[in-house]
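Undergrad:
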Amino acid sequence: MADGAIAWSENEIGALTAKVKALKASMSRVIIGQENVIDSLIICLLAGGHALVEGVPGLGKTLLVKSLSQATDLDFHRVQFTPDLMPSDIVGTEILEEDHATRKREFRFQKGPVFTQVLLADEINRAPPKTQSALLEAMQERSVTFAGQTHKLPKPFFVLATQNPIEQAGTYPLPEAQLDRFLLRIDVVYPSEEEEIAMVAATTHAGLKDAEPVMDVATLLRLQQLVRDIEIGDHLVTYATRLVRATRPSLTTVPAVRKHIGWGAGPRAGQALVLASKARALMQGRLAVTRDDIAEMLLAVLAHRVLRNFEAEADGVAIADILQALREHIRPE
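Residues 0 to 332 (numbering that gives the first Met the number 0) make up the sequence shown, in order.
(1) Looking only at C-alpha atoms, which of Gly91, Leu325 and Glu211 sits nearest to Val78?
(2) State the beta-bridge partners of Glu96 as determined by DSSP.
(3) Give me the residue from Gly32, Asn10 and Trp7 with the minimum Cα distance to Glu194.
(4) Are the beta-carbon atoms belonging to Ile196 and Leu281 less than 8 Å from one another?
(5) When the Cα of Val216 is compared with those of Gln116, Asp186 and Gln139, which residue comes out closest?
(6) Is there a Cβ of chain D sitting closer than 8 Å to that of Val199, yes or no?
(7) Which residue's Cα is closest to the Cα of Val236: Leu274, Ala210 and His259?
(8) On the criterion of 16 or more Cβ atoms from any shown chain inside 10 Å, does Ala6 qualify as buried, or is it exposed?
(9) Could you tell me which uninterrupted beta strand (DSSP E) segments, each at least 3 residues in length, are contained entirely in the region 46 to 79, listed from first to last along the chain?
(10) Provide the residue span of the beta strand (DSSP E) that contains Val117, from first to last.
(11) Report the residue ranges of all alpha helix (DSSP H) runs contained in full by the region 217 to 301; include only those spanning at least 4 residues, in chain order.
(12) Reducing DSSP to helix, strand and coil, say where Ala210 ends up.
(13) Restricting to Cα atoms, I'd like to know which of Thr246, His259, Thr144 and Lys103 is closest to Gln109.
(14) From the DSSP output, which residues share a beta bridge with Ile185?
(15) Apart from the five residues just before and just after Phe80, which ones in its own chain have a Cβ nearer than 7 Å to its Cβ?
(16) Per DSSP, which residues does Thr161 bridge with? Please list them.
(17) So, do the region 301 to 313 and the region 262 to 274 have three or more beta carbon pairs nearer to each other than 8 Å?
(18) Can you give me the Cβ contacts of Ala333 inside the same chain, cut-off strictly under 6 Å, excluding the 5 residues immediately before and after it?
(19) Suppose the cutoff is 6 Å on Cβ atoms and the five residues either side in sequence are ignored; what does the same chain contact list for Phe181 look like?
(20) Taking Cβ positions, are Arg104 and Glu97 nearer each other than 8 Å?
(21) Look up Lys154 in the DSSP assignment and say whether it is helix, strand or coil.
(22) Please report the distance separating the alpha-carbon of Arg257 from that of Arg221.
(23) On the CB-based measure, 16 or more other CB atoms within 10 Å of its CB, does Lys60 come out buried or exposed?
(24) Hey, how far is the Cα of Arg279 from the Cα of Phe106?
(25) Please classify Phe145: does DSSP put it in a helix, a strand, or coil?
(26) Is the beta carbon of Glu58 less than 8 Å from the beta carbon of Ile30?
(27) Out of curiosity, what's the CA-to-CA distance linking Pro248 and Ile42?
(28) Just the Cα atoms here: how many angstroms apart are Ser27 and Leu322?
(29) Hey, is Ala319 close to the ligand FAD, as in C-beta under 7 Å from one of its heavy atoms?
(30) Once the 5 residues before and after Leu297 are set aside, which same chain residues still bring their CB inside 8 Å of it?
(31) Please return the same chain residues whose Cβ sits closer than 7 Å to the Cβ of Leu219, not counting the five positions on each side in sequence.
(32) Given a cut-off of 8 Å on the beta-carbon distance, is the pair Pro128 and His76 in contact?
(33) Rounded C-beta distance between Leu134 and Ile89? I'm assuming under 8 Å.
(34) Taking Cβ to Cβ, would you say Phe157 is nearer than 8 Å to Leu22?
(35) Under a Cβ-count criterion, where at least 16 other Cβ atoms within 10 Å of its own Cβ denotes burial, should Ala201 be classed as buried or exposed?
(36) Select from Asp320, Leu95 and Leu73 the residue whose C-alpha is nearest the C-alpha of Pro254.
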């Protein structure tokens, strides 16, 4: 383990990794297919970050996050973002109350839905920027300041925000500085034919089951500590940093990036890439990060942090293709 790390016994590590496997199994009993999405969601949770999920309606995004909260026994709130949603609808507001005994009136802070452990922000890009900023400030600071008083959010605090990629009328796209607050962007794609048949069969009869609780809050917080202590070699930290720096057109030696990227990722992307790689290593039952962990997390970490230029959009060059070229060009030392 890293210098200054908590002492971990083999028995505790074994018990914690078993809990991660049980969490995935519990969610998989409710969510048919979408194994990569489940993995990415758990990685994000273990790393202590937030997830931006993109996919067309009807692919089970709400059920996905609800099953996560059930399997971890966490409090869950869902907010449907709309153009008239106000910041106070998210973080809360003050209400005037009167003490019936003394007839004295005073303001009391009424907490909003952000005061939960798992928050589904459905179609976040439908709300105006001021409301988006209120939520994203809470994501970053893990607290809400109202009328000069700071209110801490529960631990853990995990936000899953969804976006619909095919309907853009009346939306307010998140600026890049706000997108950078999400650890991962997770793309939910259509299921295979076999998975879709099983999904239709399982959801059209009575008695649908919830995810079985397999992990408590204390265990999850302990797992988040363990992720921080997963080993990563200096050469892999250098590799992750070089990958991030190579997304910047002014610094890169990658032709595809120089040609198709208008703006690269900032230093927070390197932190996210290392953390996500550590969480993936733990999910795989390992206590050390490998090059494959970094390579596998590259797209989810960087897809929302780099901007294609006009030429890339005109030519239909996808972010995934550019990042694949980046991965092939930049090698660990």
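Every residue gets a Cβ at the ideal spot worked out from N, C-alpha and C, and that includes glycine. Here the structure is a predicted model, which means the values were calculated and not measured.
TA: Looking at the atomic coordinates:
(1) If we check each option's Cα against that of Val78, Gly91 comes out closest.
(2) Under DSSP, Glu96 forms a beta bridge with Glu105.
(3) Nearest to Glu194 by alpha-carbon distance, out of Gly32, Asn10 and Trp7, is Gly32.
(4) Going by beta carbons, Ile196 and Leu281 fall outside the 8 Å limit.
(5) Looking at the Cα atoms, Gln116 is the closest of the given residues.
(6) Considering every chain present, this structure includes no chain D. It has just one protein chain.
(7) Shortest Cα-Cα distance from Val236 to any of Leu274, Ala210 and His259 involves Leu274.
(8) Around the Cβ of Ala6, a 10 Å sphere holds fewer than 16 other Cβ atoms; the residue is exposed.
(9) Correct list: 50 to 53 and 75 to 79.
(10) Unbroken beta strand (DSSP E) run through Val117: Val117 to Asp121.
(11) Unbroken alpha helix (DSSP H) stretches of 4 residues or longer found wholly inside the region 217 to 301: 233 to 244, 254 to 259, 266 to 282 and 290 to 301, given in chain order.
(12) Secondary structure at Ala210: coil, using DSSP grouped into helix, strand and coil.
(13) Closest by alpha carbon: Thr144.
(14) Beta-bridge pairing links Ile185 to Val52.
(15) Answer for Phe80: Ala120, Asp121, Glu122, Ile123, Arg125 and Ala126, listed in chain order.
(16) Paired residue(s): Val52.
(17) Verdict: yes, contact present.
(18) Residue 333 lies beyond the stretch modelled for the chain, which goes from 0 to 332, so this question has no answer here.
(19) Taken in chain order, the residues that qualify are His49 and Leu51.
(20) Going by C-beta atoms, Arg104 is nearer than 8 Å to Glu97.
(21) Three-state DSSP puts Lys154 in coil, outside helix and strand.
(22) Whole-angstrom Cα-Cα distance: 42 Å.
(23) Under this definition Lys60 is a buried residue.
(24) Linking Arg279 to Phe106 through their CA atoms gives a straight-line distance of about 46 Å.
(25) If DSSP states are grouped into helix, strand and coil, Phe145 belongs with the strands.
(26) According to the sequence provided, residue 58 is Leu. The question's Glu does not apply to it. No, these two residues do not count as a Cβ contact at 8 Å.
(27) Here the C-alpha atom of Pro248 lies approximately 29 Å from the C-alpha atom of Ile42.
(28) Straight-line Cα distance between these residues: approximately 29 Å.
(29) Inclusion of the ligand FAD in the displayed structure is not the case, the ligand content being empty and no account of it being possible.
(30) Answer for Leu297: Leu242, Leu272, Leu322, Leu325 and Arg326, listed in chain order.
(31) If we look at Leu219 and ignore the five residues flanking it on each side, its Cβ neighbours are Thr71 and Pro155.
(32) Going by C-beta atoms, Pro128 is not nearer than 8 Å to His76.
(33) Correct: roughly 5 Å between the Cβ atoms.
(34) For Phe157 and Leu22, no; Cβs fall outside 8 Å.
(35) Exposed is the label assigned to Ala201, since fewer than 16 other Cβ atoms lie within 10 Å of its Cβ.
(36) Ranking Asp320, Leu95 and Leu73 by Cα distance to Pro254 puts Asp320 first.
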